[in-house]
Amino acid sequence: MQPTTEILERITKNSQQHPDEVFTRLFRYMLRPDLYYTAYKKLYSNNGAATKGVDNDTADGFCVEKVDKIIKALADDSYQPKPARRQYIQKDNGKQRPLGIPTFTDKLVQEVLRMILEAIYEPIFLDCSHGFRPNRGCHTALRDVKHQFPGTRWFVEGDIKGCFDNIDHSVLMSLIGKKIKDAQIIKLLYRFLKAGYLEDWQYHSTYSGTPQGGIVSPILSNIYLHELDKFVMSLKSEFDKPTKTDRTPEYARAAQDVKNIRRRLNRCNDSEKRTELADMLKKARTVMLSLPAKSQTDKVLKYIRYADDFIIGINGSREDCVELKGKLSAFIKQTLNMELSEEKTLITHSAGIARFLGYDVSVRRDFTIKPHGKSGTQRTLSNQTQLLVPAGKIHAFIFNHRIAVQKADGTLKPCKRGDLIRLTNFEIVSTFNAEMRGFCNYYHMASNFPDMQYIAYLTEYSCLKTLAAKYRCKTSKIREMYKDGRGKWRIPYETKTGKKSLYIAKLADSREVKNPSDRMLSASVINKGNTTSFEDRLKAKVCELCGSADSEYYEIHHVNKVKNLSGKQEWERVMIAKRRKTIVICRDCHKQVHR
């Protein structure tokens, strides 16, 4: 049988070549076992694989019989998704975000459903969309803002109020119905949307929205907001008007004067006259570079969206921005049945600061003349878009992680972290490194990135003070104890290949990061031409713990983290030796493990 992932690749190519193609008979792919092994391979390594939903169903216990049971339930139309367990996570503004945690069986089915939907919709999504898409993320959106928004005069920051909670189910299903004519797929999607949730063991129905935390929710929200992308692109085609002249009249006259003087200078052979013309050229060029060059009589609209946050760059007037905002608000209300947030949808002049994905965005008004080319000069920074780290984000990082305290005069003083003292030296330094790299990697695109050198200084001395508190000594003693002979200090640790050293993270490491975004590889590329290792291990029907080959059932035992295993039990020692979070064992051994 041909691997289903190859079939999905063919569907993707077909969707790319024929954007208006309508797809039918997709449900049959939900009944093919190989997709469920691919889905398990994607899900089992996540931290949430061992997190329970409304029952005890987790990645632990995955087996061939489980897949067969799911397929049978889907085939006879008896499959019914269970309600998600609702949990709340803290947001930066102090509010709480609801999170729905499905059972692992529902996650598997949703992942298979997501792969089918992605094969159809990913080729037709527009380039302006970056949220929850393969090989795209916050940094690709920010990179496009930086490169596509030069010379922008106005920013429109957009935000849809409670987007994920207010997606209209009937509108969403009608949008999907235009592309997918398969009643069974539509019915399954509708069941997931209407599955409801449990909060404090009280059942609540879901009348709108896609639960954040669901595997299939991100692509459903992209299908919904794809209509907004198409609407803005239609506005762009109406709004964009090229300019008749690219330069201002004053700059054009000054540039012509420079050109005339340079022509005279090239033809002149008299040394005194050449000196005089060179001075004239220098003065004329100084006048030219003091004038604004771009006429700004053109009209251009640029648009970038990440999930429900979007930013629009306008070359035009403020009145154009107000009119655009009104059209967006009307479309979102009438077509998408949602509401544009008035508090967060702001019109900002590009000389000021707009906020997008945690960065401050502005356009430089910098007339600094810098060397350009072999012998020329140019105003390379003027009208260029710059991304900045907000000062509030830096201070929030320092105080939230308790790296430093603020003294009476306003200066910051690095301090020890008592919650880390009981950890090993390696874990202490690793914790500081992970926190600093996570923050600095995200903001590595900022023009003021070197200003974060102060974070690196505070992090290093907070780490030293934590280690000093652990050993009840001074930081100088820690430096002396762990010096590397080259003026630095490090924590030595043992590996299978010998001794290694862990250094405190440097700011330059984050500056040089190539691609901090998560890369989502196509399942067909990973598994093309062969089955997954889980399928091989399950079909081998050999217990990896007792070696039994005559058991009726074989299941996968799953743990959250290998490092959390103590190694006291035999099964723990086997998993530590294999360095795997999963182990295929017979049902008798699995029961014994859980006892």
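Residues in the sequence shown are numbered consecutively from 2, following the working numbering. Where is the CB? At the ideal position from N, CA and C, for every residue including glycine. As the structure is a prediction and not an experimental result, all values here were calculated from the model.
Report back the beta-carbon spacing between residue i and residue j to the nearest angstrom; my notes put them in contact at under 8 Å.
{"i": "Gly439", "j": "Phe311", "result": "Actually they do not touch by this definition, with Cβ atoms about 25 Å apart."}
{"i": "Gly215", "j": "Ile557", "result": "Going by Cβ atoms, the distance from Gly215 to Ile557 rounds to 23 Å, so no, they are not a contact pair."}
{"i": "Ile456", "j": "Ile399", "result": "7 Å"}
{"i": "Asn32", "j": "Leu75", "result": "The sequence shown places Leu at residue 32, not Asn. With a Cβ gap of about 6 Å, Leu32 and Leu75 count as contacting."}
{"i": "Val594", "j": "Ile577", "result": "The pair is not a contact, with the Cβ atoms about 14 Å apart (cut-off 8 Å)."}
{"i": "His131", "j": "Tyr307", "result": "5 Å"}
{"i": "Ile305", "j": "Lys326", "result": "With 8 Å as the limit, Ile305 and Lys326 do not qualify as a contact, their Cβ atoms being about 16 Å apart."}
{"i": "Cys590", "j": "Leu546", "result": "5 Å"}
{"i": "Thr207", "j": "Lys195", "result": "6 Å"}
{"i": "Tyr204", "j": "Gly101", "result": "No, Tyr204 and Gly101 are not in contact; Cβ-Cβ is about 13 Å, not under 8 Å."}
{"i": "Lys394", "j": "Gly359", "result": "6 Å"}
Could you spell out the range, first to last residue, of the beta strand (DSSP E) harbouring residue i?
{"i": "Trp155", "result": "Trp155 to Asp160"}
{"i": "Arg356", "result": "Ala355 to Phe357"}
{"i": "Val390", "result": "Looking at the DSSP string, Val390 is not in any beta strand (DSSP E), and its letter there is neither H nor E."}
{"i": "Gln91", "result": "Ala85 to Gln91"}
{"i": "Leu100", "result": "Gln97 to Ile102"}
{"i": "Leu347", "result": "Leu347 to His350"}
Can you tell me where the alpha helix (DSSP H) holding residue i begins and where it ends?
{"i": "Gly594", "result": "A quick correction: the sequence has Val, not Gly, at residue 594. Start and end: Arg588 to His595."}
{"i": "Leu229", "result": "Ser218 to Phe240"}
{"i": "Lys147", "result": "Cys139 to Gln149"}
{"i": "Tyr122", "result": "Phe105 to Tyr122"}
{"i": "Leu566", "result": "From DSSP, Leu566 is part of no alpha helix (DSSP H); its letter is neither H nor E."}
{"i": "Leu134", "result": "What sits at residue 134 in the sequence shown is Arg, not Leu. First-last for Arg134: undefined, no H or E at that position."}
{"i": "Val579", "result": "Strictly speaking, residue 579 in this sequence is Lys, with Val absent from that position. Taken as a continuous stretch (DSSP letters only), the alpha helix (DSSP H) holding Lys579 covers Glu571 to Lys579."}
{"i": "Ala509", "result": "Leu508 to Arg512"}
So, with DSSP's three-state summary, where would you put residue i?
{"i": "Ile584", "result": "strand"}
{"i": "Ala524", "result": "Low local confidence applies: a pLDDT of 34 at Ala524 is under 50, so the model's placement there is unreliable, with the coordinate-based value given in what follows. Here Ala524 sits in helix by DSSP."}
{"i": "Phe450", "result": "helix"}
{"i": "Ile557", "result": "strand"}
{"i": "Ser272", "result": "helix"}
{"i": "Thr5", "result": "helix"}
{"i": "Ser342", "result": "coil"}
{"i": "Gln81", "result": "coil"}
{"i": "Ser518", "result": "Bear in mind that the predicted position of Ser518 carries a pLDDT of just 45, short of 50, making it unreliable; the figure below should be weighed with that in mind. DSSP places Ser518 in coil when its eight states are reduced to three."}
{"i": "Gly327", "result": "helix"}
{"i": "Lys529", "result": "A caution first: Lys529 carries a pLDDT of 34, below 50, which makes its placement in the model unreliable, though a value can still be read off. Looking at Lys529 - three-state DSSP - the assignment turns out to be coil, as it is neither helix nor strand."}
{"i": "Cys474", "result": "coil"}
{"i": "Leu337", "result": "coil"}
{"i": "Thr467", "result": "helix"}
{"i": "Lys284", "result": "helix"}
{"i": "Tyr458", "result": "helix"}
{"i": "Ile370", "result": "coil"}
{"i": "Lys14", "result": "helix"}
With which residues is residue i paired in a DSSP beta bridge?
{"i": "Asn316", "result": "Val301"}
{"i": "Trp490", "result": "Lys484"}
{"i": "Tyr363", "result": "According to the sequence displayed, residue 363 carries Ser and not Tyr. Paired residue(s): Gln387."}
{"i": "Tyr307", "result": "Asp310"}
{"i": "Ser502", "result": "Pro493"}
{"i": "Lys295", "result": "Arg248"}
{"i": "Ser130", "result": "Arg306"}
{"i": "Gln257", "result": "Gln257 pairs with nothing; no bridge assigned."}
{"i": "Gly548", "result": "According to DSSP, Gly548 bridges with nothing at all."}
{"i": "Gly215", "result": "Gln213"}
Heavy atom of the ligand ATP less than 6 Å from the Cβ of residue i, yes or no?
{"i": "Asp310", "result": "Among the ligands in the structure shown, none appear at all, so the ligand ATP cannot be discussed."}
Query raised in the report: What are the complete beta strand (DSSP E) segments, minimum 3 residues, inside the segment 156-211?
Result: 198-200 and 203-205
Requested in this report: Identify every run of the alpha helix (DSSP H) within the segment 17-75, keeping only runs that are complete inside it and at least 4 residues long; order them along the chain.
Outcome: 34-44
**Report entry** Runs of alpha helix (DSSP H) lying entirely within the segment 392-438, each at least 4 residues, in chain order
**Finding:** 392-401
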